[in-house]
Every structure is written in structure tokens, then in C-alpha cells.
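Trainee: Counted from 1, the sequence shown has number 166 at position 166 by our numbering; the numbering is strictly sequential. Think of the CB as a built atom: it goes at the ideal place given N, C-alpha and C, for glycine as much as any other residue. Structure incoming, see below.
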Amino acid sequence: MISIIVPIYNVEPYLCKCIDSILAQTYIDLEILLIDDGSPDRCPVICDEYAMMDSRIKVIHKINGGLSDARNAGLSEAKGEWIAFVDSDDWIEPDMYEKLLANAYEYSAEISCGGVNDELITEDGISILKTTMAGVVEVTCCTRTEAMTRYFNTSWSAWDKIYQKKIFDNIRFPVGEINEDEAIVLQLLEQCNKVVYTNEVFYHYIHRPSSITTSSFSPKKFAWYRHCRNNLTWIQEHHPELTELAVVRFRSSIMYSLTEIAMSEDSYPDEQQDLLNELQKNKKLFSKIPFSSWKENIRWRLLTYFPFPLYRTCLRRKRKV
């Protein structure tokens with residue numbers, strides 16, 4: 001059985017499509033955990049109505065604690081041998097879990113990953129921003145270290161995968177933070193012998209103007225930098241052969257955060273100084289590792305060797321802010 005955990009908060013216009021896509025799965029041995037995270041709209045009522053329609057659905061009503069807290073509540077209740085996550089404003093293809101499970105069994109993998117369409121809601125409808133599908137379906141099986149390498153070179157999200165439940169036995173999402181997937185990815189992969197990937201699109205990730213990841217910059221978004229710093233420390237202790245990849249991601253997280261500060265109306269002085277201190281402290285380490293582009297190299301040099309107000313002025317002029 002697969003336990004599907006759906007955290008729900010203030011997504012009334014999208015919730016039915018999400019739940020309907022789960023109920024339409026060709027793999028039917030499901031436990032569907034709808035976690036009402038104190039939603040102020042009609043989502044709690046909608047969840048209860050669906051629970052009356054299908055016995056596989058269990059609704060958990062709780063005080064608002066955020067996405068990580070809702071996922072953790074689902075993990076504590078899950079009875080399946082496999083775990084999956086679906087964000088409540090997204091939807092999935094009918095054969096998603098049948099095919100991911102088949103891949104997991106065929107390759108004896110603890111995690112099975114599917115392909116994703118990133119889709120943007122606009123006034124004219126939905127447009128595809130990017131897709132993993134390049135015309136031919138591919139399936140790739142990776143070792144633990146190969147999967148970590150793949151994460152560093154791309155990204156990681158909780159919702160396009162199925163996981164053996166046992167790898168979550170001692171792992172939970174960090175409560176109160178965004179970018180929560182990045183915080184636990186290495187610990188999850190450390191529990192795996194194999195991870196299987198396919199580029200076939202099963203998951204439709206919807207970008208909304210009001211969603212966490214597309215909202216304007218705020219101090220919460222410094223979480224990525226903190227998680228990347230912690231991941232570098234962890235890699236140096238457990239997989240030193242991957243240190244360079246972890247350094248690149250950490251360096252990128254610092255420059256991203258400083259760029260966001262430069263474009264913001266708020267200067268975030270404390271966080272700004274912490275980030276600039278990290279650049280100085282790691283200057284020698286960062287300079288040894290090649291940059292992905294000459295533009296990134298210039299950004300790093302401006303941030304490292306010149307006053308931050310100069311970087312801010314140059315960036316805002318270039319972007320005509």
C-alpha cells in the first residue's frame with residue numbers, strides 16, 4: 001500500500017482537481033491522508049465530503065503549523081509500506097504510482113522518482129515553464145552516491161517520488177521553514193542503496209503568484225542558504241568525495257540570497273552581513289572551484305571584493321529597478 005500525504009491550506013480553487021487525480025490512480029491500494037492544516041476557507045469541508053465518498057481517504061484536521069508540520073503529521077499516521085507526497089494545488093497523472101512502484105520493484109530501489117511539468121497559471125490559462133520529458137522515456141537507476149551527485153547537479157522535491165516508509169523512521173521535515181526538502185535530502189539518500197529515475201511526466205507542479213516558492217523575497221527564504229551550509233558540513237563528514245559539488249551549491253545559495261537582498265526594498269542588514277562574512281571566510285575555497293558561467297564569476301567577484309552597495313547599484317541598474 002502507498003500512503004499519499006496531502007498537506008492542505010487555503011487552496012480551495014485547486015483542491016478538487018488534486019484529490020480527483022489521486023482517486024483516478026490505476027494503482028488502487030492507496031491510503032490517502034488529507035491533512036487540513038487549519039485552512040481558513042472551505043478546504044476542511046471539501047476534505048470531509050471526499051472522505052464520505054471513498055473509504056481510502058482519512059482526514060486529519062489540525063492547527064496550522066505549516067507545510068513541514070502537516071507532512072510530519074501524515075508521516076506519523078501513515079500505514080503504507082510506501083510514502084508519497086502531493087501538494088494540494090498540484091495534480092498527477094492516472095498511472096503515476098503504478099509506474100513508479102513498478103520501477104521501484106524492478107530495480108530494487110528505495111526511492112522511485114518520476115518526471116515533472118512545471119506549469120504557470122496565467123490569465124490566459126496554464127503554460128508549461130519546463131518539463132523533464134525530452135521525447136523518449138528513459139529510466140535510470142543510481143547508487144546512493146550517484147543519486148547525491150544528481151541532486152547537487154539538479155534539485156530535489158518531495159512530491160514527484162515514492163519512498164519506502166522505513167527511510168523516514170528517524171527523519172522528519174524541519175518545522176517552520178521553507179525549502180524543507182533540501183534540509184533532509186541527503187539523510188534520505190543515505191538510507192538508500194538504489195534510487196530509480198524516469199523522465200516520464202507524472203506530476204504537474206503548479207506555480208501560483210501567492211504560493212510559497214513564487215512569493216516575494218522574505219527572511220524565510222534564507223532557509224536555502226542555511227540548508228546548503230548544513231549539507232556541506234554533512235557531506236564533508238560522510239561523503240568527502242562530493243565536497244566540491246556541495247561547495248558549489250553553498251556558494252550559489254549565498255549569491256542568490258545576496259542578489260535577492262539587493263533587489264529588495266529591505267536591506268536585511270543582519271542577514272546581509274552574515275552572508276558577506278561567509279563569502280570572506282570561504283573566499284579561498286570558493287575561488288578554487290570553477291563557476292558555471294562568466295557572469296556568475298563576475299557576480300562572485302563583485303560581492304567578494306567590492307562593497308555591497310556597489311553590487312546593489314549595478315544590479316538594480318541592469319534590471320532597471
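For Ala333 versus Val195, is the C-beta distance shorter than 7 angstroms?
Mentor: This structure does not reach residue 333, given that the chain is present from 1 up to 321, and the question cannot be answered.
Trainee: For Gly114, does the count of other Cβ atoms within 10 angstroms reach 16, so buried, or fall short, so exposed?
Mentor: When all chains shown are included, Gly114 counts as buried.
Trainee: For Ile178, count the other beta carbons within 10 Å of its own beta carbon; 16 or more makes it buried, fewer makes it exposed. Which is it?
Mentor: Buried: at least 16 other Cβ atoms inside 10 Å.
Trainee: Out of Pro44, Tyr205, Leu302, point me to the one whose CA is closest to Asp118's CA.
Mentor: Considering only alpha carbons, the answer is Tyr205.
Trainee: In the structure shown, what three-state DSSP assignment does Thr214 receive?
Mentor: Note that Thr214 scores 44 on pLDDT, short of 50, meaning its location in the model is unreliable and no value can be drawn from it.
Trainee: Using the Cα positions of Cys228 and Leu302, report the straight-line distance between them to the nearest angstrom.
Mentor: Rounded to the nearest angstrom, the two C-alpha atoms are 22 angstroms apart.
Trainee: DSSP three-state label for Ala31, please.
Mentor: Here residue 31 is Glu; the residue named in the question, Ala, does not match the sequence. The answer is strand: DSSP assigns Glu31 an E or B state.
Trainee: For Ile8, does the three-state DSSP call read helix, strand or coil?
Mentor: Of the three classes helix, strand and coil, the one that applies to Ile8 here is strand, per DSSP.
Trainee: Do Trp159 and Asp87 count as a contact pair if the criterion is CB distance below 7 angstroms?
Mentor: Yes, Cβ-Cβ distance for Asp87 and Trp159 is below 7 angstroms.
Trainee: Whole angstroms are fine: how far does the CA of Tyr305 sit from the CA of Arg71?
Mentor: Between Arg71 and Tyr305, the C-alpha separation is close to 42 angstroms.
Trainee: Bridge partners of His61, per DSSP?
Mentor: Note: His61 sits in a beta bridge opposite Asp36.
Trainee: Which residues share a DSSP beta bridge with Phe308?
Mentor: Note: Phe308 sits in no beta bridge, so no partner.
Trainee: Determine whether the beta carbon atoms of Asp89 and Val11 lie at a separation below 7 angstroms.
Mentor: For Asp89 and Val11, yes; Cβs fall inside 7 angstroms.
Trainee: Taking 7 angstroms as the limit between beta carbons, can you name the residues of its chain near Glu180, skipping five residues before and five after?
Mentor: Same-chain partners within the cutoff: Leu67, Ser68, Phe173, Pro174.
Trainee: Under the rule that 16 or more other beta-carbon atoms within 10 Å means buried, what is Lys220, buried or exposed?
Mentor: When all chains shown are included, Lys220 counts as exposed.
Trainee: Pick from Glu271, Arg319, Glu241, Lys17: whose alpha carbon is nearest that of Arg144?
Mentor: For Arg144, the nearest C-alpha among the options comes from Glu241.
Trainee: On a CA-only basis, which of Met263, Leu189, Glu182, Glu244 is nearest Trp224? Give me that one, please.
Mentor: With distances taken between Cα atoms, Trp224 lies closest to Glu182.
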